[in-house]
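Residue numbers (this note's numbering), protein chains in the order written: chain A, 6 to 314; chain B, 13 to 309.
The beta-carbon is built from N, C-alpha and C at its ideal position, and this holds for glycine as well.
One structure below.
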């Protein structure tokens with residue numbers, strides 16, 4: 006059995022015969038039990054990739070493998086895959102409970118177990134009090150939460166969530182992010198989002214797409230450089246003592262990018278120890294420190310990668 | 013089969029909670045009641061005409077001379093026009109007129125109701141992409157067959173509603189000697205109108221598989237249902253022409269209307285026509301499914 010929850014091997018997809026490639030020879034994998042951030046600008050191919058996994062679209066070339074069992078087949082993979090489609094409307098004449106029970110029963114559950122499971126996921130998305138109201142009476146955020154619940158119902162081992170937090174208020178975003186983080190290790194979650202800070206907080210693996218091609222993939226710490234990079238945001242960058250820093254920490258590389266002092270440690274370097282030195286020198290040079298961050302951050306890494314192409 | 017049943021049940025719930033399906037259902041019931049009321053008035057006119065011929069007093073309420081009317085040549089001609097066969101009319105004249113008219117009306121209305129109501133059942137969810145929630149959990153064939161059966165159940169409900177409203181009109185505006193016999197014959201005939209509707213439900217579902225636009229699917233389904241009547245006329249015309257008989261026969265076999273005469277059979281012969289209608293429905297669904305099974309959704 007493959008160690009990956011999801012594998013793309015040379016996958017290409019074109020929507021029309023003469024149109025551009027939505028995905029161009031894309032290969033990546035998602036480790037089992039991980040929470041994977043799926044990153045890319047608009048039109049990068051994220052939604053297309055999700056649709057290919059779910060069988061809504063068919064690839065023109067390449068192989069999509071789910072949990073080592075091949076491409077998606079609803080007959081042999083009942084309950085294996087949960088998907089929150091980005092732009093699919095809900096069947097809104099039903100109540101969330103009815104919809105989730107129906108979906109759960111289609112996954113092979115008995116009526117009694119499906120009812121219990123529907124209530125469980127409605128509790129995760131905090132909709133227990135509205136479980137018997139018709140979905141068409143719900144706000145955008147509440148509908149989004151029902152859609153997230155539909156992806157989680159039946160506890161499928163692989164869950165794809167396309168912008169799960171969009172349209173939610175900050176309190177709901179926080180609650181749902183925590184709920185998703187708690188699923189780490191139990192289910193594999195692949196989350197596509199434009200809020201890269203959010204993604205960085207809960208992901209442990211990242212796949213980046215750009216214009217239909219895979220730009221980068223790997224553990225979040227490696228991608229963001231949180232083990233060997235430190236960003237110091239300062240108020241007076243012109244007063245940063247670059248020469249002194251270089252002489253006190255000769256194995257570390259320092260550079261200034263706008264108001265950010267970037268420190269790059271060698272692979273066996275110790276950022277905890279060096280940070281004491283850096284803080285001391287900045288303080289001695291009267292450089293006010295505004296923020297410190299390990300790594301460049303997912304957003305900065307993504308922007309750098311996109312600019313570099 | 014379990015998935016088909018689950019999808020069908022969900023489809024029925026969805027449809028009855030949509031104002032459009034409910035409106036169509038009510039409209040069908042009201043249209044039936046209205047047409048039956050007109051028919052009752054027509055029977056009254058026939059009775060008055062018969063009373064004048066027989067030089068007996070004219071009655072105000074239709075149905076008072078029904079016993080005499082059904083044995084008249086006038087009524088025989090009406091029945092022959094409805095069922096399209098002089099021979100069949102000999103057997104049908106003794107059946108309560110309202111039950112016969114209700115079946116004839118069903119043949120006329122059910123195709124349009126069935127095609128129109130079922131045309132959006134898949135297209136609407138393809139357009140909104142709501143179909144994706146079920147697609148993750150079951151096959152496309154189960155979705156198509158389940159929704160077809162759901163729509164078939166709705167057409168059955170519409171036929172039953174139509175029967176109740178027609179019976180209400182009969183009992184309310186007509187002198188009925190034996191209400192139980194009228195209700196019994198309507199109960200016997202209503203399933204035939206429903207069975208005749210099966211290929212038209214399939215027509216709607218097929219249109220719904222071909223396009224993601226519910227409006228376009230409805231236009232296609234209603235257009236095809238209307239065209240089938242035009243083709244029936246063409247086939248009947250071809251029957252009268254030398255050398256076109258075989259082609260007319262083939263056309264009549266492929267049109268649901270070609271099986272209507274069998275539906276009038278007072279015995280169990282209508283079941284064979286129903287089976288033929290079901291087979292036509294199956295063929296129509298397959299045509300739509302060939303496209304639906306390969307579509308990006």
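In three-state terms, what does DSSP make of residue i?
i, result
"residue 36 of chain A", "strand"
"residue 70 of chain A", "strand"
"residue 296 of chain B", "helix"
"residue 163 of chain B", "helix"
"residue 190 of chain A", "coil"
"residue 17 of chain B", "helix"
"residue 235 of chain A", "strand"
"residue 160 of chain A", "coil"
"residue 14 of chain A", "strand"
"residue 196 of chain A", "strand"
"residue 213 of chain A", "strand"
"residue 295 of chain A", "strand"
"residue 272 of chain A", "coil"
"residue 52 of chain A", "helix"
"residue 105 of chain B", "coil"
"residue 290 of chain A", "coil"
"residue 6 of chain A", "For residue 6 of chain A, the pLDDT reaches just 45, beneath the cut-off of 50, and the residue's location in the model is therefore unreliable, although a value from the coordinates is still provided. If DSSP states are grouped into helix, strand and coil, residue 6 of chain A belongs with coil."
"residue 88 of chain A", "strand"
"residue 19 of chain A", "strand"
"residue 29 of chain A", "strand"
"residue 302 of chain A", "coil"
"residue 117 of chain A", "helix"
Please report the straight-line C-alpha distance between residue i and residue j, rounded to a whole angstrom.
i, j, result
"residue 90 of chain B", "residue 28 of chain B", "37 Å"
"residue 260 of chain B", "residue 248 of chain B", "7 Å"
"residue 25 of chain B", "residue 305 of chain A", "49 Å"
"residue 98 of chain A", "residue 31 of chain B", "10 Å"
"residue 18 of chain B", "residue 217 of chain B", "17 Å"
"residue 93 of chain A", "residue 227 of chain A", "34 Å"
"residue 270 of chain B", "residue 129 of chain B", "23 Å"
"residue 106 of chain B", "residue 67 of chain B", "24 Å"
"residue 249 of chain A", "residue 285 of chain A", "11 Å"
"residue 6 of chain A", "residue 149 of chain A", "Since pLDDT at residue 6 of chain A reaches only 45, below the 50 mark, its modelled position is unreliable, and the value read off the structure follows with that caveat. Rounded to the nearest angstrom, the two C-alpha atoms are 34 Å apart."
"residue 310 of chain B", "residue 272 of chain B", "Only positions 13 to 309 of chain B appear in this structure, which leaves residue 310 of chain B out of reach."
"residue 119 of chain A", "residue 52 of chain A", "29 Å"
Is the distance from the Cβ of residue i to the Cβ of residue j below 7 Å?
i, j, result
"residue 138 of chain B", "residue 224 of chain B", "yes"
"residue 196 of chain B", "residue 122 of chain B", "no"
"residue 55 of chain B", "residue 108 of chain B", "no"
"residue 222 of chain B", "residue 300 of chain B", "yes"
"residue 152 of chain A", "residue 87 of chain A", "no"
"residue 144 of chain B", "residue 293 of chain A", "no"
"residue 187 of chain B", "residue 79 of chain B", "no"
"residue 164 of chain B", "residue 200 of chain B", "no"
"residue 178 of chain B", "residue 44 of chain B", "yes"
"residue 133 of chain A", "residue 127 of chain A", "yes"
"residue 85 of chain A", "residue 162 of chain A", "yes"
"residue 282 of chain A", "residue 253 of chain A", "yes"
"residue 28 of chain A", "residue 42 of chain A", "no"
"residue 5 of chain A", "residue 299 of chain A", "Chain A is shown only over 6 to 314; residue 5 of chain A falls outside these bounds and no answer can be derived."
"residue 307 of chain A", "residue 31 of chain A", "no"
What first and last residue would you give for the beta strand (DSSP E) that runs through residue i?
i, result
"residue 202 of chain B", "Here residue 202 of chain B belongs to no beta strand (DSSP E); instead the alpha helix (DSSP H) covers 191-222."
"residue 222 of chain A", "218-224"
"residue 266 of chain A", "265-269"
"residue 261 of chain A", "258-262"
With a threshold of 8 Å on Cβ separation, who are the neighbours of residue i within its own chain once the five nearest residues in sequence on each side are excluded?
i, result
"residue 233 of chain A", "269, 270, 271, 272, 274 and 276"
State yes or no: is the C-beta of residue i nearer than 6 Å to some heavy atom of the ligand FAD?
i, result
"residue 168 of chain B", "Ligands are entirely absent from the displayed structure, and the ligand FAD is therefore not among its contents."
Could you pull out every residue in the same chain whose Cβ sits closer than 6 Å to the Cβ of residue i, ignoring the five residues on either side in sequence?
i, result
"residue 189 of chain A", "40"
"residue 68 of chain A", "14"
"residue 173 of chain B", "41"
"residue 220 of chain B", "131, 133, 134, 135 and 229"
"residue 237 of chain A", "266 and 297"
"residue 37 of chain B", "170"
"residue 136 of chain A", "101, 102 and 127"
Going by DSSP, what residue range makes up the alpha helix (DSSP H) through residue i?
i, result
"residue 273 of chain B", "272-275"
"residue 239 of chain B", "226-251"
"residue 207 of chain A", "201-207"
I'd like the list of long-range same chain contacts for residue i, defined as Cβ closer than 7 Å, with 5 residues on each side in sequence excluded.
i, result
"residue 174 of chain A", "146"
"residue 282 of chain B", "204, 274 and 275"
"residue 295 of chain A", "238, 239 and 240"
"residue 243 of chain A", "none"
"residue 160 of chain B", "213, 214, 217 and 297"
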